[in-house]
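Asks: Following this message is one structure expressed as structure tokens.
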Amino acid sequence: MTITKLDNIFNVLCQNMPDINFYHFGFANEINEEGLINNFNPPSTVPNARESHGFPAVYFTPPSGTMQAGFKNQTRESFVISLYFIDLQGRTNKGIETGQNKSEQWTELQLIANRFFNALGELFKSGQYAIPIRNFNFDTNANGFTQKLVWVEYTFTIPLSDSGCVDISDINIEDIKTQINADATIDTDSLENNY
């Protein structure tokens, strides 16, 4: 698996989730930059303009990793992945106030992330020897809080091996849409004041 393949997979998932409005491989500080080039861009009159950067958004930051050499003349590698699920604090993309507090917004971001990772797990089942990802660390990053944004960072490790790779051509979008739609039945409004 390469970074480009992972980028494509995450991008396809984001494009097919109705509650995610933007995806980018890069850094969170690029949120307001124009001319971002993604492998896939959402339909827009100006595809790479800042106005197309809707929220909630997912940012895939360049990964770190590990490598072990000396296993039957092969290496074992893994990526440590960080995905940021980001939303505007207390307002919509059009600047209308939502009336939500931070805990409600973080809860909604976590529900979106849960649906994303459920779909990712279904996708990874298509790898010949793919190892399912079961553990995800998350951080609301309260100490690094950026004014006017809320986010949840998820980190996890993906082993790299040719036999376990999932290629972009292996993705059955219709199956993923079914999984995403099944997970989207959670009514986040019903969670209000029930934490």
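Residue numbers (this note's numbering): -15 to 179.
Note that CB positions come from ideal geometry on N, CA and C, so glycine has one too.
For Arg118, which of helix, strand or coil comes out of DSSP?
Replies: Correct three-state label for Arg118: coil.
Asks: Starting from Phe(-6), trace the alpha helix (DSSP H) both ways and give me its first and last residue.
Replies: Looking at the DSSP string, the run of the alpha helix (DSSP H) that includes Phe(-6) is Ile(-13) to Gln(-1).
Asks: With DSSP collapsed to three states, give me the class of Gln52.
Replies: Looking at Gln52 - three-state DSSP - the assignment turns out to be strand.
Asks: Please state whether DSSP places Ile4 in a helix, a strand or coil.
Replies: In this structure, Ile4 counts as coil in the three-state DSSP scheme.
Asks: Helix, strand or coil, according to DSSP, for Leu133 in the structure here?
Replies: Strand at Leu133.
Asks: Is Phe39 helix, strand or coil by DSSP?
Replies: Here Phe39 sits in coil by DSSP.
Asks: Please name the residue, chosen from Glu14, Asn13 and Phe44, that lies closest to Ala97 on a Cα-to-Cα basis.
Replies: Among Glu14, Asn13 and Phe44, the Cα nearest to that of Ala97 is on Phe44.
Asks: What separation, rounded to the nearest whole angstrom, lies between the Cα atoms of Glu158 and Leu104?
Replies: Each residue's alpha carbon lies about 13 Å from the other.
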